[in-house]
Amino acid sequence: MISLYSKYPNFQGANLQGVKFIEFLEECKNYKKNNSQRSLFDECKAYQLNDHIYYEDGILVFIEANCQDANFQGLDIHRADFQGADIRNANLQFADIFATNFQNADLRNANLQSAVIRGVQFQGADLTNANLKRADLHEANFEYAELHGANLEECKGWKNCDVRWSKAKYDDKTNFPVGFDPNEYGLNKTRKRYNYNNNVRTSEKLTYENGTDTQIQEVCVKIQNYIQKQQGQQKFRAALLKCYRCRCAITDSNTNYVLEAAHIKPYSLDKKNNSPENGILLRADLHILFDLNIIVIHPDTKRIEIRSDSQQIEMISSLIYSSEYQKFNGIILPSYENFGVCPGDDYLRWRYYHYGEYVKKYMGKLL
Numbered sequence: 064m065i066s067l068y069s070k071y072p073n074f075q076g077a078n079l080q081g082v083k084f085i086e087f088l089e090e091c092k093n094y095k096k097n098n099s100q101r102s103l104f105d106e107c108k109a110y111q112l113n114d115h116i117y118y119e120d121g122i123l124v125f126i127e128a129n130c131q132d133a134n135f136q137g138l139d140i141h142r143a144d145f146q147g148a149d150i151r152n153a154n155l156q157f158a159d160i161f162a163t164n165f166q167n168a169d170l171r172n173a174n175l176q177s178a179v180i181r182g183v184q185f186q187g188a189d190l191t192n193a194n195l196k197r198a199d200l201h202e203a204n205f206e207y208a209e210l211h212g213a214n215l216e217e218c219k220g221w222k223n224c225d226v227r228w229s230k231a232k233y234d235d236k237t238n239f240p241v242g243f244d245p246n247e248y249g250l251n252k253t254r255k256r257y258n259y260n261n262n263v264r265t266s267e268k269l270t271y272e273n274g275t276d277t278q279i280q281e282v283c284v285k286i287q288n289y290i291q292k293q294q295g296q297q298k299f300r301a302a303l304l305k306c307y308r309c310r311c312a313i314t315d316s317n318t319n320y321v322l323e324a325a326h327i328k329p330y331s332l333d334k335k336n337n338s339p340e341n342g343i344l345l346r347a348d349l350h351i352l353f354d355l356n357i358i359v360i361h362p363d364t365k366r367i368e369i370r371s372d373s374q375q376i377e378m379i380s381s382l383i384y385s386s387e388y389q390k391f392n393g394i395i396l397p398s399y400e401n402f403g404v405c406p407g408d409d410y411l412r413w414r415y416y417h418y419g420e421y422v423k424k425y426m427g428k429l430l
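See the structure below:
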């Protein structure tokens, strides 16, 4: 279904797994013929050339869409937004991609062989094992991207000073063009971190460097699994992304794929209550601490408190007492202070005074 709140064709959060896009976009272009509602494609000047559909004016929005195994082969993709989208195993071979946003997208095992990638933003994207052989990289931005096992042999345009590589990660399995020196371009050689679940991106996991407390890691994985089992999260998260302007309520982070929807009154107590007032958008690590009742929000002052009396505090004390988290203690919830957005007072009040008993009863089973 095409979302009707955007001026342009908007597939945000849609499940488009396995779709052949040339046929799909042609069908969407004719949407108005079979539907009394106004088609969003009316806003775009579309024309077809050699089986390519190109939208001259407008933006195709695929933010957080599921495009696994989708076929974009040979398609002209200009000024589209795939931020945070799941594009694993997708076929973009021979695609002409211009000024398109793939920031934080999951492109693992994607096929971009011989694609033209001009002015494309791959910052923070996961291109693990992606095939970019003979791709044209002019003005592409790979800063902080994961290139473990990626194939960049015979790529064009990599010598162009406008291609950005700073802080991109690679390993021994990454294949670069002849003459490419990753050190010269500021890439970091790292080992691919262990992935507890092959269906979830490594970068989405709350992991810690070697040598830290393995018990912390185990607890966090269990809590994350608990969070992921909750039903109705997709619509709930979408509503919170809109309310919180796609930013973490505490850190203001806008890295889409690490933002999670946290319930104030637990889902297990009221499965029908997925109202945005009963939720808050948090970075993944803060969501875990929030669920452990270590990070709390005072219902009246809206100040953040880091509770030292939590049952789990000793287990993860090395985390809590770091400056990364202590800097939030005592501040007014930034989303409330900056643009007046926070959970409902009644929900916060219940959480502040009653959630402690809940977490002892239910979280204790997981730890």
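Count along the sequence shown starting at 1, add 63, and that's the number in my numbering. Idealized CB from N, CA, C, for every residue including glycine.
The three-state reading of DSSP puts residue 419 in helix, counting H, G and I together. Residue 237 and residue 150 have their alpha carbons spaced roughly 20 Å apart. Boundaries of the beta strand (DSSP E) around residue 346: 342 to 346. Annotated as proximal: residue 213 and residue 191, with beta-carbon spacing under 9 Å.
In the structure shown, residue 184 falls within a strand segment according to DSSP collapsed to helix, strand and coil.
For residue 152 against residue 131, the beta-carbon gap comes to about 6 Å, under 8 Å, which counts as contact. 187 is the residue among 199, 418, 187, 305 whose C-alpha sits nearest the C-alpha of residue 250. Residue 402 is classed as exposed because its beta carbon has fewer than 16 other beta carbons within 10 Å across all chains shown. By the Cβ test, the segment 192 to 201 is in contact with the segment 171 to 184, since at least three Cβ pairs between them sit closer than 8 Å. Closest option to residue 360, judged by alpha-carbon separation, among 206, 348, 158, 412: 412. Residue 123 and residue 164 have their C-alpha atoms roughly 11 Å apart.
Assignment of residue 401 by DSSP, reduced to helix, strand and coil, places it in the helix class. Judged by DSSP in its simplified three-state form, residue 326 adopts strand.
Beta-bridge annotation (DSSP): residue 238 is paired with 214. By the criterion of a C-beta distance shorter than 6 Å, residue 327 is surrounded in its chain by 341, 406, 410, 414, once the five residues flanking it on both sides are discounted.
By the C-beta density criterion, residue 332 is exposed, having fewer than 16 other C-beta atoms within 10 angstroms.
A Cβ-Cβ distance of about 18 Å is found for the pair residue 230 and residue 202, leaving them out of contact under the 8 Å criterion.
In chain order, 234 place their CB closer than 8 Å to the CB of residue 254, counting only its own chain and leaving out the 5 sequence neighbours on each side.
Every beta strand (DSSP E) stretch that sits fully inside the segment 127 to 208 and reaches 3 residues is listed by chain position as 139 to 141, 159 to 161, 179 to 181. Beta-carbon to beta-carbon, residue 323 and residue 345 are separated by about 6 Å, close enough to satisfy the 8 Å threshold. The criterion of a C-beta distance shorter than 9 Å is not satisfied by residue 215 and residue 313. For residue 298, the enclosing alpha helix (DSSP H) begins and ends at 296 to 306. Proximity to residue 141 across 134, 129, 158, 127 peaks at 158, based on C-alpha coordinates.
9 Å or more divides the Cβ of residue 365 from the Cβ of residue 420. Between the alpha carbons of residue 228 and residue 136 lies a gap of roughly 26 Å.
Here the alpha carbon of residue 217 sits roughly 19 Å from the alpha carbon of residue 246. Under the 10 Å beta carbon count, residue 417 is surrounded by fewer than 16 other beta carbons and is classified as exposed. Nearest to residue 239 by C-alpha distance, out of 210, 172, 223, is 210. In the three-state reduction of the DSSP assignment, residue 424 falls in the helix class, which pools H, G and I. Counting along the chain, residue 359 sits inside the beta strand (DSSP E) bounded by residues 358 to 360.
Of 317, 367, 368, 392, the smallest CA-CA separation from residue 347 is found for 317. Taking residue 398 as reference, the option from 221, 367, 390 with the minimal CA-CA separation is 367. The straight-line gap separating the alpha-carbon atoms of residue 223 and residue 330 is approximately 51 Å. Looking at the DSSP output, residue 395 bridges to 366. Checking the DSSP bridge columns, you'll see residue 227 partnered with 204.
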